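**Q** This is the structure, below, for whatever I ask next.
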Amino acid sequence: MDLSRSATCTVAAVAVVCLMLPRPCAPAGDQLAVGELLLLGKSVVSDGGAFALGFFVPDDATPARQYLGIWYNNIPGRPTVVWVANRETPLFANRTSSSSGPAPALALANDSTLVLSGADGGVLWTSGVPSVGTSSSSSSAVLRNDGNLVVRSPNGTALWQSFDHPTDTLIPGMKVRMSHRTLRGDIFVSWKSPGDPAPGSFSYGVDPGTYIQLLLWNGTRPYWRSPVWTGIAVTTNYIGAGTVIYTAVVDTTEEISTAFTVSDGASPTRYVITSSGEFQVVSWNGTASAWATLDSWPGSSGCSRYGYCGAYGYCDVMAAACRCLDGFEPANAAEWSDGRFEQGCRRKEALPPCGVLDGEGFLPMPSMKVPDKFLLEGGNRSAEECAARCAANCSCVAYAYADLQSSSAKGEVSRCLVWVGDLVDTQMIGGRMAVNGETLYLRVAVAAAASRDKGRRTNSTESQNKLTASNWNEMGQGDHTEDLELPCIRFADIVTATRNFSETCMIGRGGFGKVYKTGVKWLLSRG
């Protein structure tokens, strides 16, 4: 069946019926019913007055292009649009009216499909036949006060909703989802330019390769990556001026999703992907009558862009500078000094031959956004089991372990990540994102670790020590900055000291798993 022809006929039929009715065939309040038309210059306003649905002109181009969209109803000036229907098929000013033909309009068809038609009667956009519920001539399209346009059946079942078809903006109540079964999810796509709602180059969504991180793409290439999810169910960001943002992650057997809400009385707040590739959170400043940018990723420094510091390099976010991971040095010192980091870093000391555990160890780097391209080791492994998995694989270059603060849908309460290739897109994080920091354990030669312990004082270590010392002081233990240099301990010595993790050496369990008794001074002397 030709959907375009069917929809066109439906809209034409609705228009004829409207002409025969004694009352205006226009929507009332926050709803559009079957048999009503939303015409140019008209709008549907949500019950609480927060949002409006209608036609808007995004710029001053000639001829003017008109789009069907949803925008903030109480924000002055040119509409701040949060959703667009006909992104690629605008209405043009010189084609929007005809004395002998139907006027451009949005209609709700008998099969519960929303249809946008042009002046020639052609279909510019359609929501498609609902895949759930039962269609009915008594269905209605309702603009809710959270900005969600919902087609619902007479019994209230949602047949279609705009929140399931996002454009470039995430507002409170919307979700960023991915199905565990199909590995498909919601994708937010930027505008082509500030005045052109057509799909742009940048998109945002859950990483289909692993459901525990979010990606911003430039075309098909990663452009920015979020920290890996550590199991935190809800995070709170105090933005100021009465605005608190609560971000929640929900993992079920069917899907994983993230969404945000704001505190009662907060100004309108939204996340948006700009046409230039920035993922921003902005809030309306009524005093200045402008949108204020609260945070932006990857940011203006460039350091936070995906893989910017090269393999085995990392971005020190607070200093906005590239550095080498502990135990590594620039692969090309001249290029590194010149601000070119493509070649990344290389090991200061080569690892011993495979199978020779003596002479290597794991060097911890706290407060890190761990690298991309990890392997997720399941099975609720303990911290020592995670370390053992990496140590037993000669290709493993690093690992990270976390006790999940909330159990996943699979019943996992811990998480073990390992890396068997180059470490790419690593960051040392701080500020509001510090809650997402993890300890990355690097596999290095003991000689490389010893050189660090003897007196390495790069900016990355100083920042690391300051952060750790600050946390120590908050616990009321005084200033122990000089005592906080983290030693590298050879895995072979750990195995020996714990008698291969024997239960006879276990003295209890802590937040990171089992606790074993051993001689710390003996380990340090051996290391």
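Read in order, the letters of the sequence shown correspond to residues -27 to -1, 1 to 500 in mature numbering (1 follows the signal peptide of the UniProt record, and there is no 0). Note that beta-carbon positions come from the ideal geometry of N, C-alpha and C, so glycine has one too. Since the structure is predicted, the reported quantities are computational estimates derived from the model, not experimental observations.
1) Can you give me the Cβ contacts of Val397 inside the same chain, cut-off strictly under 7 Å, excluding the 5 residues immediately before and after it?
2) At the level of alpha carbons, what is the spacing between Leu12 and Tyr40?
3) Would you decide whether Arg313 is buried or exposed? Buried here means 16 or more other CB atoms lie within 10 Å of its CB.
4) What's the call for Thr260, buried or exposed, on a 16-neighbour Cβ count within 10 Å?
5) Under three-state DSSP, which class holds Arg362?
6) Looking only at DSSP bridge pairs, what is Leu41 linked to?
7) Strictly by DSSP, which residues pair up with Gln134?
8) Is DSSP giving Ser310 helix, strand or coil here?
9) What's the C-alpha gap between Ser498 and Arg154?
10) Closest to Gly410 by CA distance: which of Val393, Ala420, Ala373 and Ser387 is it?
11) Using CA atoms only, rank isn't needed, just tell me which of Tyr244, Glu9, Phe252 and Glu350 is closest to Ser113.
12) Which residue comes first and which comes last in the beta strand (DSSP E) that contains Arg296?
13) Look at the alpha carbon of Arg296 and the alpha carbon of Val254, and state the distance between them as a whole number of angstroms.
14) Please decide whether Glu385 counts as near chain D, where near means a Cβ-Cβ distance under 8 Å.
15) Tell me the DSSP secondary structure of residue 503 in three-state form.
16) Under 7 Å Cβ to Cβ from Ala293, same chain only, skipping five residues before and after it: list those, please.
17) Nearest to Ala420 by CA position, among Leu336, Ala365 and Met401, is which residue?
18) Exposed or buried, which one is Pro31 when buried takes at least 16 other CB atoms within 10 Å?
19) Quick test of your reading: Gly173 and Leu187, contact by CB under 8 Å. State the CB separation rounded to the nearest angstrom.
20) Would Thr231 be called buried (16 or more neighbouring beta carbons within 10 Å of its own) or exposed?
21) To the nearest angstrom, how far is the alpha carbon of Leu132 from that of Glu358?
22) Reducing DSSP to helix, strand and coil, say where Val419 ends up.
23) Taking the straight line between their C-alpha atoms, what separation do you get for Ser340 and Val391?
24) Could you give the uninterrupted runs of the beta strand (DSSP E) lying entirely in the stretch 328 to 359, keeping only those of 3 residues or more?
25) Hey, quick one: how far does the beta strand (DSSP E) through Lys148 stretch, first residue to last?
26) Measuring alpha carbon to alpha carbon, tell me which of Val207, Pro200, Gly120 and Cys282 ends up nearest Gly27.
27) Compute the distance between the beta-carbons of Leu415 and Gly300, then report whether it is under 8 Å.
28) Keeping to the same chain, check which residues put their C-beta closer than 8 Å to that of Gly146; ignore five residues upstream and five downstream.
29) Taking only the alpha-carbon atoms, compute the straight-line gap between Thr220 and Met151 and give it to the nearest angstrom.
30) Exposed or buried, what is Tyr211 when buried is set at 16 or more other beta-carbons lying within 10 Å of its beta-carbon?
31) Rounded to a whole number of angstroms, what is the C-alpha to C-alpha distance between Arg60 and Val88?
32) Helix, strand or coil: which one does DSSP assign to Asn446?
33) To which residues does DSSP link Asn83 through a beta bridge?
34) Between which two residues does the beta strand (DSSP E) carrying Asn409 extend?
**A** So, from the data block:
1) Mapped onto the sequence shown, residue 397 falls at position 424. Same-chain partners within the cutoff: Gly280, Ala284, Pro344, Asp345 and Lys346.
2) Residue 12 sits at position 39 when you count from the first residue of the sequence shown. Residue 40 sits at position 67 when you count from the first residue of the sequence shown. Taking the straight line joining both Cα atoms gives about 12 Å.
3) Walking along the sequence shown from the start, residue 313 turns up at place 340. Arg313 comes out exposed.
4) As a working mapping, residue 260 is identified with position 287 in the sequence shown. So Thr260 ends up on the exposed side.
5) Taking the sequence shown and counting its residues from 1, one reaches residue 362 at position 389. Three-state DSSP puts Arg362 in a helix.
6) Taking the sequence shown and counting its residues from 1, one reaches residue 41 at position 68. Answer by DSSP bridge pairing, in chain order: Phe28.
7) Looking up residue 134 in the sequence shown gives position 161. Partner(s): Val123.
8) Here the question's residue 310 lines up with position 337 in the sequence shown. In this structure, Ser310 counts as helix in the three-state DSSP scheme.
9) Residue numbering aside, residue 498 sits at position 525 when the sequence shown is read from its first letter. Residue numbering aside, residue 154 sits at position 181 when the sequence shown is read from its first letter. Residue confidence is low: Ser498 scores 39 on pLDDT, short of 50, so the model does not pin down where it sits. Its coordinate-derived value is still stated next. Answer to the nearest angstrom: the Cα atoms are 51 Å apart.
10) Within the sequence shown, residue 410 is the residue found at index 437, counting from 1. Measuring from the Cα of Gly410, the nearest candidate turns out to be Ala373.
11) Here residue 113 refers to the residue found at position 140 when the sequence shown is read from its first residue. Ranking Tyr244, Glu9, Phe252 and Glu350 by Cα distance to Ser113 puts Glu9 first.
12) Walking along the sequence shown from the start, residue 296 turns up at place 323. Start and end: Ala294 to Cys297.
13) Your numbering for residue 296 matches position 323 in the sequence shown. Your numbering for residue 254 matches position 281 in the sequence shown. When rounded, the distance between both Cα atoms is 28 Å.
14) The structure shown contains no chain D; it holds only a single protein chain.
15) Examination of residue 503 is not possible in this model, given that the chain is present from -27 through 500 alone.
16) Looking up residue 293 in the sequence shown gives position 320. If we look at Ala293 and ignore the five residues flanking it on each side, its Cβ neighbours are Ser274 and Cys276.
17) On the sequence shown, position 447 is the one that residue 420 refers to. When each option's Cα is compared against that of Ala420, the closest is Leu336.
18) Your numbering for residue 31 matches position 58 in the sequence shown. By the 10 Å Cβ count, Pro31 comes out buried.
19) Residue 173 sits at position 200 when you count from the first residue of the sequence shown. Residue 187 sits at position 214 when you count from the first residue of the sequence shown. That pair is no contact at about 18 Å.
20) Start at 1 with the first residue of the sequence shown, and residue 231 comes out as number 258. With 16 or more other Cβ atoms within 10 Å, it is buried.
21) The residue labelled residue 132 in the question sits at position 159 within the sequence shown. The residue labelled residue 358 in the question sits at position 385 within the sequence shown. If you take the alpha carbons of Leu132 and Glu358, they lie about 48 Å apart.
22) The residue given as residue 419 occupies position 446 in the sequence shown. It is helical.
23) As a position in the sequence shown, residue 340 is number 367, starting the count at 1. As a position in the sequence shown, residue 391 is number 418, starting the count at 1. The alpha-carbon atoms of Ser340 and Val391 are separated by roughly 17 Å.
24) 333 to 342 and 348 to 350
25) The residue given as residue 148 occupies position 175 in the sequence shown. Segment Lys148 to Ser152, the beta strand (DSSP E) holding Lys148.
26) For the purposes of this step, residue 27 is taken as the residue at position 54 of the sequence shown. Checking every option, the nearest Cα to that of Gly27 belongs to Gly120.
27) The residue labelled residue 415 in the question sits at position 442 within the sequence shown. The residue labelled residue 300 in the question sits at position 327 within the sequence shown. In this structure, Gly300 lies closer than 8 Å to Leu415 by Cβ.
28) For the purposes of this step, residue 146 is identified with residue 173 of the sequence shown, where counting begins at 1. Cβ neighbours of Gly146 beyond the five flanking positions: Asp119, Gly120, Asn121, Phe136, Ala232 and Thr234.
29) Here residue 220 corresponds to residue number 247 of the sequence shown, with the count starting at 1. Here residue 151 corresponds to residue number 178 of the sequence shown, with the count starting at 1. Taking the straight line from one Cα to the other gives about 17 Å.
30) In the sequence shown, the residue the question calls residue 211 occupies position 238. Burial call: exposed.
31) Numbered from 1 along the sequence shown, position 87 holds the residue referred to as residue 60. Numbered from 1 along the sequence shown, position 115 holds the residue referred to as residue 88. The alpha-carbon atoms of Arg60 and Val88 are separated by roughly 14 Å.
32) Position 473 of the sequence shown, counted from the first residue, corresponds to residue 446. Reliability of the predicted coordinates at Asn446 is poor, the pLDDT of 29 falling under 50, and no value is obtained from them.
33) Taking the first residue of the sequence shown as position 1, residue 83 is located at position 110. Answer is none; Asn83 lacks a bridge partner.
34) Stepping through the sequence shown from its first residue, residue 409 is reached at position 436. Element bounds for Asn409: n/a, residue is neither H nor E.
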